[in-house]
Each structure stands twice: as C-alpha cells, then as structure tokens.
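All remarks here apply to the structure that follows.
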Amino acid sequence: MVRLQQGKVLKAPDQFFMNGDWVAPATDRRIDVLSPVTEERLLSYPEAAPADIDRAVAAARTAFDHGPWPRMPARDRAAALRRVASLITDRLEEIAWAWTTQVGAPISLTRKLVPQNATLFSHYADLIENFPFCDTRHRDDGGEVRVLREPVGVCAAISPWNAPMVLLSYKIAAGLAAGCTMVAKPSPETPLEAYILAECIEAAGLPRGVFNLVPAGRAGGDHLVRHRDVEKVAFTGSTAVGKHIMRVCSDRLARVSLELGGKSAAVLLPDADFAKALPSLMVYSMPITGQVCFSLTRLLVPEARKAAFLDMFLPAVRAIKLGDPSDPATQMGPLAMDRQRTRVEEYIAAGRAGGAMLACGGGRPRGFDTGYYVEPTVFTDVTPDMKIAQEEIFGPVVSVIGYSDEDDAARKANATPYGLNGAVYSADPERGFAFARRMRTGGLTVNGLIVDPKHPFGGYRESGMGREGGPEGLENYLEVKTVHMAG
Ligand code: NAD
Numbered sequence: 000m001v002r003l004q005q006g007k008v009l010k011a012p013d014q015f016f017m018n019g020d021w022v023a024p025a026t027d028r029r030i031d032v033l034s035p036v037t038e039e040r041l042l043s044y045p046e047a048a049p050a051d052i053d054r055a056v057a058a059a060r061t062a063f064d065h066g067p068w069p070r071m072p073a074r075d076r077a078a079a080l081r082r083v084a085s086l087i088t089d090r091l092e093e094i095a096w097a098w099t100t101q102v103g104a105p106i107s108l109t110r111k112l113v114p115q116n117a118t119l120f121s122h123y124a125d126l127i128e129n130f131p132f133c134d135t136r137h138r139d140d141g142g143e144v145r146v147l148r149e150p151v152g153v154c155a156a157i158s159p160w161n162a163p164m165v166l167l168s169y170k171i172a173a174g175l176a177a178g179c180t181m182v183a184k185p186s187p188e189t190p191l192e193a194y195i196l197a198e199c200i201e202a203a204g205l206p207r208g209v210f211n212l213v214p215a216g217r218a219g220g221d222h223l224v225r226h227r228d229v230e231k232v233a234f235t236g237s238t239a240v241g242k243h244i245m246r247v248c249s250d251r252l253a254r255v256s257l258e259l260g261g262k263s264a265a266v267l268l269p270d271a272d273f274a275k276a277l278p279s280l281m282v283y284s285m286p287i288t289g290q291v292c293f294s295l296t297r298l299l300v301p302e303a304r305k306a307a308f309l310d311m312f313l314p315a316v317r318a319i320k321l322g323d324p325s326d327p328a329t330q331m332g333p334l335a336m337d338r339q340r341t342r343v344e345e346y347i348a349a350g351r352a353g354g355a356m357l358a359c360g361g362g363r364p365r366g367f368d369t370g371y372y373v374e375p376t377v378f379t380d381v382t383p384d385m386k387i388a389q390e391e392i393f394g395p396v397v398s399v400i401g402y403s404d405e406d407d408a409a410r411k412a413n414a415t416p417y418g419l420n421g422a423v424y425s426a427d428p429e430r431g432f433a434f435a436r437r438m439r440t441g442g443l444t445v446n447g448l449i450v451d452p453k454h455p456f457g458g459y460r461e462s463g464m465g466r467e468g469g470p471e472g473l474e475n476y477l478e479v480k481t482v483h484m485a486g
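Mapping to numbering that gives the first Met the number 0: the sequence shown position 311 is 310, numbers consecutive.
So, in structure tokens, the structure goes:
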C-alpha cells in the first residue's frame, strides 16, 4: 500500500499493464520514491526492463496492425474516451493526493487542476466526432481526391514528474482519439497517476494492447525511443533529453513531438496597473515551487517604475505561506527532490556570483529541517546575459529585469533560447496584444496567465516542436494520405 497524506491509501504498483492484462515484471529491478516532505521512502515499485518494454511495444503493434481500435468509427472511439473521462472524474481526489504526495504540490492547487485530466479525454472525444478524417476535394480536371487523416501507429508517451497525470493525459487522450496505440512511460519519480490512468482505461473496456504502461527510468525511456516498432514519440521533459530523443528518432524518421523547457517572461508595459497584475504574478511566477515549464520566471518592468514594482512585489513574495503541501492553507511546498534542491541552490549561488542582487529569499527557510524546502527567491539588477536569466532553473527563483522602452522590452523578452510562454500586462488589452505579437513564444496571455488544454500549447525554438491540446494536438498523431480517384 502507498500511504498518501491525510490517511489516503493507494495500492502499491507491482505489475505492468500490457495487452489488456496486469503482468508480472521480467526482472526484480525496483525504483524507490522518496517523500519531498519527510525525505522517507514513500513507495518502491518494479522498473520495466527492456524485455518488459519489448513486450508492451509488441502488444501495441499487434493492436495497431490487427485490432479494432484504429479502424473503428470515430464515434465509437469517442464513446470509449468519454467512459475514461468519467472514470477519471470518479477518482479526482486520489489523483490530487497522488500529485501532492509525490511532488509536494499544494493540495489546494492540485485539487483545482486535476479535472483537466478528464477534460482532455472528453475534449478529444468531442473533437473526433466531427473531425474530417476523410475530406473529399476536387481536382482541376474534375476528378475527386480523398484526403485521409490516419493514425501514425504505435506511439511512445514519455512524461516528466512535475505535473505527472496531465502531461500524460495530453498525449494519451489525443493519441487514442487519433486511433493510435500507446506505450506510456511515466517519470520514475511519479508512477501513481499512470497506474490510475491504466486502471481507468482498463475499466472503460478499451481493446487489448491499445494502452500499455511500462514505468521506467532513463534507460527504459531510451530503449523505448530506440524501438523500431515505435513510429512516434511524444515527449515532455527537459530540452537536453528532447534533443537526444530527436537525434535518436531521426535515424528512422520516427515522428517526434516535444514539449520542453522554458524561461518565460512577464512584460509589464509602461501603462500596466501593477496592483492588477500582482495576483496572477504571485500564482504563476513560482507555481509548484517554480517547477512548472510555463512559469513566468523573468519579470520585465519599466526601469522608471522598477522601485515601485519591487515595493509591491517583494512583500508579497515574503508573505508566501510555505508549509506541508497537504495543508489546504499552504501556498508553497518543498521542491520535489533533493537533486532539484541542489540544482536550485547552485543557480542561486550563480546569481550571486554573477552580480545580480538578491532581494529576498536565497536560502533554506527556518523551521523546515526536513523536506526539500527553499525560500521563494527574487533577484534584481539582473541583465539578460546572466546565467540565471538564460537557463531554466525549475525552482522558486524569479529575476526582475528593467527595460527602457518597448523595443528594449521586446529584445530582452526574446533574449533566451526558449520560447514557451509569456504574459503581457497593459491597461489597453490591444496594446498588450500588439506586444504579444512581438514575443517569440508558443503561448501568451494578455493581463494574466491562462493555459487551457482545449487550446494548443507548446514552444518556439528550444521549447519544443508540435503542439498539445486542441485540434493541433490531434494532428500530432495523424498522417495525411491523399487518394486520387482516377476512374
Ligand atoms: P527529464 O527530461 O529528465 O525527463 C523527462 C522524462 O524523460 C522522464 O520520464 C525520464 O525518465 C525520461 N528520460 C530521461 N532520459 C531519457 C532518454 N535518454 N530517453 C528517453 N527518455 C528519457 O525531465 P524532468 O526532470 O522529468 O522534468 C523537468 C523538465 O520538463 C523541465 O525542463 C521542464 O521545463 C520540462 N517540462 C516541460 C513541459 C512542457 O509542456 N513544455 C511541461 C512540464 C515539464
């Protein structure tokens, strides 16, 4: 049993799900997961070995080549996805607790976010019911052309630990909707949600081999990505691993979609109302202790109003309530892992050494001797070339950067290799929109921050390729076939 906080209990994973059955692992390899709050072992579960992964891919291959799923009418797939959505809805409280317990994300936040998992399955069910899988067109000679959208084939879905279920649901919901068969490899630190998803898919009665689950670490992920029967890899994770996956897949031209890191900017234009901007900056500059790819980690403020901004922002950051993530009053929990804390502390040291001014935080909070806690940290006097302004820290560390005019703001906003997300604040939303068009990122919000799984999400440049969510997310899993009717 896995003891989630507040007395909730989940069955400890001890098997893998493949070909519609729960099967015993091929080896006795195991992975331990530590609690970010107590630093004690939370669970131990089997790690898939290459033989397990090969078996899962073979099941997905057979289901794709010979099973009913890719060939059934879209409305039947949609009905199955709606059953999955409903079963997920029944388990939202467990899913929220699994997230909070493994990652340290505050329960108040995880409870708010977990319904997105069910939304993704029902969203893709709605989308495929009216999707033009077969689009009839006409040639200049009067003949007919049928443009088909067909599933790519066997897909690997590889996800990170920070938002374990939703980043898997994006892939599985869209891939299944397209008619693909899926092999899921969740992050080794967060297996529980993938098991809940497998149980929901099993209970929804999807055909054998359509969804398969092989939890593993880096080596298992690498084996899966290299597998010749995997025709597409959908990956969310770090830019470094994304580049590696793309290199591996280029050998056989396997399709790849990548959701990678970010260093997103919030630009407060000269006419921005700081007090109105504050609530969303407080939520989205360091969500989940800053371990969210789309966090607004660079705050670009007019130089002339920087002091006024800091007078408002710093007290609000100092007032963030750190604590046990299972307490509904907690606003910020620990980092998810010891190695995350080491990484964040190294970046804080680099910020200091690089000449940035530490305006608040920077250390371990008093009274938290156990757990991977770091204080919410703000650097000022940050210049765009500094390491802390260029690289993804993935922790509660924000840089405040001054700018002289809008051209300078646009230059600075675009001055990293990333391009995932951003926000623009202005008293005039159309002025904000005009500025948003100058930012080279895949997602933006004017006066706030919204990420809605029904709409495309993804990155420019080193933040990734392809989009998840919305019809664009479905296209990730489709090939185009053109059939000319010559007579
Ligand atoms: P990571 O890249 O280390 O691992 C991600 C996944 O890839 C894990 O399941 C891991 O086991 C697997 N993996 C690692 N090496 C692999 C290899 N060689 N071949 C195949 N699979 C391999 O990332 P992480 O530390 O789990 O997550 C944090 C990163 O994820 C951050 O950079 C963050 O920005 C990014 N992220 C991006 C998005 C997005 O949508 N753009 C969302 C969340 C997180």
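Ideal placement from N, C-alpha and C gives every residue a C-beta, glycine not left out. The structure presented is a predicted model; accordingly, all values stated were derived computationally and were not measured.
Any non-hydrogen atom of the ligand NAD within 7 Å of residue i CB
| i | result |
| --- | --- |
| C154 | no |
| R246 | no |
| D221 | yes |
| T235 | yes |
| S43 | no |
| R342 | no |
| F367 | no |
| I30 | no |
| A162 | yes |
| E391 | yes |
| G458 | yes |
| A201 | Just to set this straight, residue 201 is Glu in the shown sequence, not Ala. Result no, Cβ not under 7 Å from the ligand NAD. |
| E258 | yes |
| S186 | yes |
| H243 | yes |
| C359 | no |
| R251 | no |
| L112 | no |
Run of the alpha helix (DSSP H) containing residue i, from where it starts to where it stops
| i | result |
| --- | --- |
| A352 | D337 to A352 |
| Y417 | Counting along the chain, Y417 falls outside any alpha helix (DSSP H), and DSSP gives it neither H nor E. |
| K231 | From DSSP, K231 is part of no alpha helix (DSSP H) but of the beta strand (DSSP E) over K231 to T235. |
| W98 | L91 to V102 |
| V224 | R217 to R225 |
| L357 | Taken as a continuous stretch (DSSP letters only), L357 belongs to no alpha helix (DSSP H), being part of the beta strand (DSSP E) at M356 to C359. |
| V291 | Here V291 belongs to no alpha helix (DSSP H), and DSSP marks it neither H nor E. |
| A55 | P49 to H65 |
| L277 | F273 to Y283 |
| G174 | P163 to A177 |
DSSP beta-bridge partners of residue i
| i | result |
| --- | --- |
| Y424 | L267 |
| E391 | According to DSSP, E391 bridges with nothing at all. |
| P301 | Y402 |
| K480 | L147 |
| G463 | E258 |
| Y44 | I30 |
| C248 | Paired residue(s): none; C248 is not in a bridge. |
| R2 | V8 |
| V397 | V377 |
| A156 | A183 and A233 |
| D20 | M17 |
| F456 | E467 |
| V445 | V423 |
| L321 | M331 |
Contact belief for residue i with residue j at Cβ below 8 Å, rounded distance in angstroms
| i | j | result |
| --- | --- | --- |
| F293 | G442 | 7 Å |
| T61 | G208 | 6 Å |
| V1 | L33 | About 13 Å; that fails the 8 Å criterion. |
| I392 | V450 | Not really, about 20 Å apart at Cβ, beyond 8 Å. |
| M17 | R54 | 6 Å |
| A58 | N161 | So it is not a contact: roughly 29 Å between Cβ atoms. |
| L126 | L473 | 6 Å |
| G121 | R81 | The sequence given here places Ser at residue 121; Gly does not occur at that position. S121 to R81, Cβ: 6 Å. Contact. |
| N129 | M164 | Contact doesn't hold; Cβ gap of about 27 Å is too wide. |
Residue closest to residue i, alpha-carbon to alpha-carbon, out of the options
| i | options | result |
| --- | --- | --- |
| A97 | P416, K7, A412 and K480 | K7 |
| P24 | G208, V32, Y44 and V36 | Y44 |
| E302 | E149, L268, M311 and R439 | L268 |
| F312 | S398, P364, I387 and R342 | S398 |
| M438 | R246, D407, A176 and H226 | D407 |
| F456 | L477, N446 and G418 | G418 |
| T296 | V255, S403, S249 and I387 | I387 |
| K262 | I52, G463 and P35 | G463 |
| T189 | L166, I171 and E201 | L166 |
| S158 | P395, D270, A328 and I171 | I171 |
| K231 | F15, V291, G152 and A276 | G152 |
Residue range of the beta strand (DSSP E) that includes residue i
| i | result |
| --- | --- |
| R136 | C133 to H137 |
| C199 | C199 -> not in any beta strand (DSSP E); alpha helix (DSSP H) instead, spanning L191 to A202. |
| F210 | F210 to L212 |
C-beta neighbour in chain C for residue i, strict 8 Å
| i | result |
| --- | --- |
| H226 | In summary, chain C is missing from the structure at hand, where a single protein chain is found. |
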